[in-house]
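Residue numbers (our numbering): 897 to 979. By construction, the Cβ of each residue, glycine as well, lies at the ideal position given by its N, Cα and C atoms. Taking it in order: structure first as structure tokens, then the write-up.
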């Protein structure tokens with residue numbers, strides 16, 4: 897019974913509302929895009945838009961490439977050390 901009362905009073909999260917944390921993250925992203933646009937121009941915006949809209953496709957391609965490198969390394973080890 898006493899443990900239940902202690903657990904009830906324990907604070908499990910920060911005092912900041914979740915919305916403030918999300919707004920700070922959004923501000924950082926917008927600032928990074930603005931800085932990239934200032935440094936590299938309109939091409940940076942196209943790269944950001946392409947990455948945003950094709951994220952799932954790019955992640956699949958990257959996963960495939962990582963698997964290919966792992967298999968190549970495995971077969972290289974297999975043929976050089978075992979055969």
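Three-state class that DSSP yields for residue 971 in the structure shown: In the three-state reduction of the DSSP assignment, residue 971 falls in the helix class.
Just to check my reading of the structure: residue 941 and residue 933 have Cβ atoms closer than 8 Å, yes? What is that Cβ distance to the nearest angstrom? That belief holds up - the Cβ atoms of residue 941 and residue 933 are roughly 6 Å apart, short of 8 Å.
Measuring alpha carbon to alpha carbon, tell me which of 926, 961, 956 and 975 ends up nearest residue 945. With distances taken between Cα atoms, residue 945 lies closest to 926.
Which runs of the beta strand (DSSP E) spanning at least 3 residues fall entirely within the region 927-959, listed in chain order? Given a length threshold of 3 residues, the region 927-959 has no whole run of the beta strand (DSSP E) inside it.
Taking just the CA atoms, how far does residue 962 sit from residue 956? Whole-angstrom Cα-Cα distance: 10 Å.
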